[in-house]
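Notes to accompany the following structure.
2 protein chains.
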Amino acid sequence: MAAENGPDAVSIGEVARLAGVHESSIYRRCGTQEHVILDALLSFSSQHLPIPDSGSVRKDLIEFARSIATYQAGPQGIALARAMAVADDDSVLASSRIEFWQSRFELARVMIDRAVARGEVPETVDAAMALEALIAPAHFRALLTHQPIDEPFLERVVDQLLQGIGRYEPRSRA
Amino acid sequence: MAAENGPDAVSIGEVARLAGVHESSIYRRCGTQEHVILDALLSFSSQHLPIPDSGSVRKDLIEFARSIATYQAGPQGIALARAMAVADDDSVLASSRIEFWQSRFELARVMIDRAVARGEVPETVDAAMALEALIAPAHFRALLTHQPIDEPFLERVVDQLLQGIGRYEPRSRA
Numbered sequence: 001m002a003a004e005n006g007p008d009a010v011s012i013g014e015v016a017r018l019a020g021v022h023e024s025s026i027y028r029r030c031g032t033q034e035h036v037i038l039d040a041l042l043s044f045s046s047q048h049l050p051i052p053d054s055g056s057v058r059k060d061l062i063e064f065a066r067s068i069a070t071y072q073a074g075p076q077g078i079a080l081a082r083a084m085a086v087a088d089d090d091s092v093l094a095s096s097r098i099e100f101w102q103s104r105f106e107l108a109r110v111m112i113d114r115a116v117a118r119g120e121v122p123e124t125v126d127a128a129m130a131l132e133a134l135i136a137p138a139h140f141r142a143l144l145t146h147q148p149i150d151e152p153f154l155e156r157v158v159d160q161l162l163q164g165i166g167r168y169e170p171r172s173r174a
Numbered sequence: 175m176a177a178e179n180g181p182d183a184v185s186i187g188e189v190a191r192l193a194g195v196h197e198s199s200i201y202r203r204c205g206t207q208e209h210v211i212l213d214a215l216l217s218f219s220s221q222h223l224p225i226p227d228s229g230s231v232r233k234d235l236i237e238f239a240r241s242i243a244t245y246q247a248g249p250q251g252i253a254l255a256r257a258m259a260v261a262d263d264d265s266v267l268a269s270s271r272i273e274f275w276q277s278r279f280e281l282a283r284v285m286i287d288r289a290v291a292r293g294e295v296p297e298t299v300d301a302a303m304a305l306e307a308l309i310a311p312a313h314f315r316a317l318l319t320h321q322p323i324d325e326p327f328l329e330r331v332v333d334q335l336l337q338g339i340g341r342y343e344p345r346s347r348a
């Protein structure tokens, strides 16, 4: 374990690897080595979240949701989500949280921007809100209900996000 | 603390009260007393989640999301969410998770059923998916990003859920 040799002796990659093997102990270590663990997990996270560009907003959003779901269902994703969920508000982890998500959303919003440019989504869209609505349900299932995060679920999340559930006229007339 | 006297000496109400005061220690105790803590938190939760019936699906969903957000931002809500997030899959807490959320959704879906009866939402709606999309973003903020869960946010979640972000024709022609 990382704690055996002290923070200075541990490479970030090694912690990330250890995080996968010993996921259940990660969140218990937040108090002492959270910055090392956070760096490792964030580094892994940014490498594994490519932004799709298929030409279709529906396809892009489904593929992005799928890659997030695959990542977060893995040991690193679970460890990161748990560490973030239980971190105290005055911890290093907590202070990195908002920055982490904002940078994630900044990277991902190009999917929405391209959809606006193609005319699939009106330019009045709130891209950050749309991305939250895209990935929050899968996090909700992964962290709380543990219901399956499968392809039909991801497609329904995206279709519901695009179409809405209400009997509304098209947005141009709203 | 509950652990000082053993599980038998602790009333559920007392644990719930203690959960509020000592929220940060709740999830660390899941291994030994999780069933007592879970019962206390679920009991509190069911009492504090009334289902609104205003005659407007938009108003109902905003009010419901607000009451969930208020609850989950409090010490019991945070303790429950954290305990659920970090519970091992073979724990008592984990086995209660799906049942808990299913019963919550069963209670809440009457809002959607009433909206269908009023013609505000088509009867093809997936009520469980709609409710997940309603409450997942607030959980996401409460647990992960810690961004504000205020009235404008709740209204945008509901409007986005009802209207969708895409330039779609009304669902009847989809």
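Protein sequences appear in the order of chains L and P. The opening residue of the first sequence carries number 1 in the numbering used here; numbering runs sequentially from there. The opening residue of the second sequence carries number 175 in the numbering used here; numbering runs sequentially from there. The beta carbon of each residue, even a glycine, is placed where N, CA and C say it ideally should be. Since this is a predicted model, take the numbers as computed values, not measurements.
Among the options, nearest to residue i - alpha-carbon criterion
| i | options | result |
| --- | --- | --- |
| Pro137 of chain L | L:Gln163, L:Val157, L:Arg82, L:Ala81 | L:Val157 |
| Arg58 of chain L | L:Thr124, L:Ala115, L:Pro148 | L:Ala115 |
| Ile62 of chain L | L:Asp159, L:Glu99, L:Gln163, L:Ile165 | L:Asp159 |
| Ala301 of chain P | P:Arg315, P:Thr319, P:Leu281, P:His320 | P:Leu281 |
| Ala190 of chain L | L:Gly119, L:Ile112, L:Leu143 | Chain L is shown only over 1 to 174; residue 190 of chain L falls outside these bounds and no answer can be derived. |
| Gly293 of chain P | L:Asp53, L:Met111, L:Gly166, L:Ile112 | L:Gly166 |
| Pro147 of chain L | P:Trp275, P:Leu223, P:Ser230 | In the sequence on display, residue 147 of chain L carries Gln and not Pro. Taking only the C-alpha atoms, the option nearest Gln147 of chain L is P:Trp275. |
| Gln76 of chain L | L:Phe64, L:Ser56, L:Leu49, L:Gln163 | L:Leu49 |
| Thr319 of chain P | L:Asp150, L:Ile149, L:Met129 | L:Met129 |
| Phe238 of chain P | P:Pro296, P:Phe279, P:Pro226, P:Gln246 | P:Pro226 |
| Leu131 of chain L | L:Ile112, L:Ala83, L:Ser56, L:Tyr71 | L:Ile112 |
| Ser56 of chain L | L:Tyr71, L:Ala83, L:Ala117, L:Glu99 | L:Ala117 |
7 Å Cβ cutoff, residue i in contact with chain P
| i | result |
| --- | --- |
| Val158 of chain L | no |
| His72 of chain L | Position check: residue 72 of chain L holds Gln in this sequence, whereas His was assumed. No, because no Cβ of chain P sits closer than 7 Å to the Cβ of Gln72 of chain L. |
| Pro148 of chain L | no |
| Thr124 of chain L | no |
| Leu80 of chain L | no |
| Gly77 of chain L | no |
| Ile68 of chain L | no |
| Val116 of chain L | no |
| Ile165 of chain L | yes |
Beta carbon of residue i nearer than 7 Å to that of residue j
| i | j | result |
| --- | --- | --- |
| Val60 of chain L | Ser67 of chain L | In the sequence on display, residue 60 of chain L carries Asp and not Val. Against a cut-off of 7 Å, the Cβ pair of Ser67 of chain L and Asp60 of chain L comes out as no contact. |
| Leu328 of chain P | Ala307 of chain P | no |
| Gln163 of chain L | Gly338 of chain P | yes |
| Ile323 of chain P | Ala253 of chain P | no |
| Phe279 of chain P | His139 of chain L | no |
Proximity test, Cβ basis, 7 Å: residue i and chain L
| i | result |
| --- | --- |
| Met303 of chain P | yes |
| Leu336 of chain P | yes |
| Arg203 of chain P | Since pLDDT at Arg203 of chain P reaches only 42, below the 50 mark, its modelled position is unreliable, and the value read off the structure follows with that caveat. So, not an interface residue. |
| Gly229 of chain P | no |
| Glu306 of chain P | yes |
| Ala310 of chain P | yes |
| Phe238 of chain P | no |
| Val195 of chain P | With a pLDDT of 38 at Val195 of chain P, under the threshold of 50, the predicted position of this residue should be treated as unreliable, though the coordinate-derived value follows. Not closer than 7 Å to any Cβ of chain L, the Cβ of Val195 of chain P fails to qualify, so no. |
| Val279 of chain P | In the sequence as displayed, the identity of residue 279 of chain P is Phe instead of Val. So no, Phe279 of chain P is outside the interface. |
| Val295 of chain P | yes |
| Ser199 of chain P | Note that Ser199 of chain P scores 45 on pLDDT, short of 50, meaning its location in the model is unreliable and no value can be drawn from it. |
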